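Residue numbers (the numbering used here): 27 to 453. All C-beta atoms in this analysis are idealised placements derived from N, C-alpha and C, irrespective of residue type, glycine included. Note that the structure is a prediction, hence the values are computed from the model and not measured. Only one structure is covered here, and it is reproduced in the block below.
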Ligand SMILES: [Zn+2]
């Protein structure tokens with residue numbers, strides 16, 4: 027199939043291209059139904075309303091959600107143990123479930139009988155799979171929902187699935203060649219491993235295999251690895267974001283510029299300290315509310331992932347905002363001048379400059395203001411003058427903050443294992 031055909035079209039054109047205001051109205055209508063179900067059927071959710079002193083009728087708009095506290099993924103295990111098995115979050119009796127999973131952290135995840143329960147059909151169509159694709163699905167089919175979740179999303183849009191699961195590289199290479207598989211779903215590093223193994227066996231991946239599309243999740247897809255797969259091997263590579271708790275969260279369209287919010291969810295990016303919604307470009311926690319899911323009417327589930335979104339119109343025509351990238355986990359953030367920064371953002375700055383050997387962002391308090399200094403240790407023979415302005419610009423782009431730059435010796439770094447050193451004292 028031609029690449030252009032994979033990049034064209036919509037899974038649900040009317041919904042995906044709904045003008046902003048109409049989309050908001052659509053989500054709010056579904057939200058009102060969800061809060062009613064949650065309040066009536068899920069004791070843990072009812073308690074959340076009571077703690078906020080509001081009733082379901084008070085949550086009418088997306089903004090109204092801010093009055094309800096966030097349920098962090100990190101607390102889910104504890105909450106489930108306190109009220110087994112699902113912590114009071116289930117909206118139906120146990121015997122109405124199709125499957126029960128146990129994902130890392132020993133968190134139980136329910137699955138209902140409804141068609142496209144995880145909302146991955148739209149994700150897979152919009153990332154480029156088409157009916158007739160033969161797809162190797164390498165997510166785990168044991169205990170965690172990843173494998174079956176993807177399996178059903180793919181078969182639901184007419185693809186044929188080979189349930190490869192995790193590991194068994196030799197068998198997977200063999201299947202990919204023998205069945206002339208056209209698609210791959212899994213982590214990017216395992217696809218690399220498959221290609222390497224095939225090449226070690228003396229095969230020419232472009233000639234002997236028919237892989238046209240790979241859709242990845244669960245691991246950072248770097249620019250380097252994506253462009254290698256796309257340019258050297260001619261594979262269309264897209265990614266999506268999903269979790270074992272909520273299923274689909276976001277996906278890349280043909281434009282490859284961020285991941286559109288998935289449908290039938292309210293996605294918020296919030297200040298992890300206050301739970302308040304943040305605007306475009308601001309880094310915060312990704313929080314999900316499931317709509318049209320009476321089995322698991324989760325409201326404001328905190329994924330623990332940090333990201334930011336853009337809502338400029340996307341050339342693909344979809345109106346949903348886009349999560350630009352995951353910048354790290356919420357338990358490692360530091361707030362500087364009202365913006366959250368994460369160790370991975372410091373690493374991202376460093377990764378752009380081969381001249382930088384090590385770096386640390388130091389946060390101090392000076393005259394009641396936060397002061398951010400980016401301390402960089404250079405390789406020998408590197409010119410500080412040449413680097414300074416491009417480094418400052420890169421820091422502004424990645425951290426979205428201005429910082430002083432200090433070129434230092436490795437021995438000057440305090441606690442050099444830390445990417446962010448917070449020296450502020452609050453007393
Ligand atoms: Zn798009």
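With a cut-off of 6 Å, the C-beta of residue 42 is classified as distant from ligand 1, since no heavy atom of the ligand falls inside that distance.
Residue pairing by DSSP puts residue 386 in a beta bridge opposite 401. When DSSP states are grouped into helix, strand and coil, residue 183 belongs to the coil group. Across the set 377, 392, 165, the C-alpha of 377 shows the shortest separation from the C-alpha of residue 385.
Judged by DSSP secondary structure, residue 196 falls within the alpha helix (DSSP H) whose first and last residues are 195-204. About 5 Å separates the CB atoms of residue 270 and residue 135; that is less than 8 Å, so the two are in contact. When Cβ pairs closer than 8 Å are counted between the two stretches, the segment 315-329 is seen to touch the segment 136-154, the count reaching three or more. Residue 55 has no beta-bridge partner at all, per DSSP. The beta carbon of residue 291 sits closer than 8 Å to the beta carbons of 145, 272, 274, 275, 314, 315, 316, 317 from its chain, once the five residues preceding and following it are set aside; these are given in chain order.
Rounded to the nearest angstrom, the Cβ distance from residue 173 to residue 147 is 16 Å, too far for a contact under 8 Å. Counting C-beta pairs with one atom in each stretch, the segment 297-304 and the segment 61-74 have fewer than three that are closer than 8 Å, which means they do not touch. Looking at the DSSP output, residue 362 shares a beta bridge with 365.
Of the residues assessed, residue 184 falls on the exposed side of the cut-off, its CB having fewer than 16 other CB atoms within 10 angstroms.
Cβ contact annotation for residue 53 (same chain, cutoff 8 Å, sequence separation greater than five): 88, 292, 317, in chain order. Three or more beta-carbon pairs drawn from the segment 192-211 and the segment 148-164 are found closer than 8 Å, and the two stretches are therefore classed as touching. At least one heavy atom of ligand 1 is found less than 6 Å from the C-beta of residue 281. Inter-segment contact for the segment 400-411 and the segment 423-435 is present: three or more beta-carbon pairs are separated by less than 8 Å. In the three-state scheme derived from DSSP, where H, G and I count as helix and E and B as strand, residue 63 is classed as helix.
DSSP places residue 85 outside any alpha helix (DSSP H), giving it a letter other than H or E.
For residue 185, the CB stays at least 6 Å from every heavy atom of ligand 1.
In the DSSP assignment, residue 262 is bridged to 239. Looking at 46, 202, 108, the one whose alpha-carbon comes closest to that of residue 233 is 202. Residue burial annotation: residue 194 is exposed, with fewer than 16 other C-beta atoms found within 10 angstroms of its C-beta. Distance from the Cα of residue 394 is smallest, within the candidate group 62, 362, 242, for 362. The distance from the Cβ of residue 188 to that of residue 207 is about 6 Å, consistent with a contact at the 8 Å cut-off.
In this structure, the CA atom of residue 389 is about 5 Å from the CA atom of residue 448.
For residue 32, the distance from the CB to the nearest heavy atom of ligand 1 is not below 6 Å. The alpha-carbon of residue 238 is positioned some 30 Å away from that of residue 331.
Here residue 409 carries a coil assignment [DSSP, helix/strand/coil].
Sequence-distant partners of residue 178 (beyond 5 residues in either direction) whose C-beta falls short of 6 Å from its own C-beta are missing from its chain.
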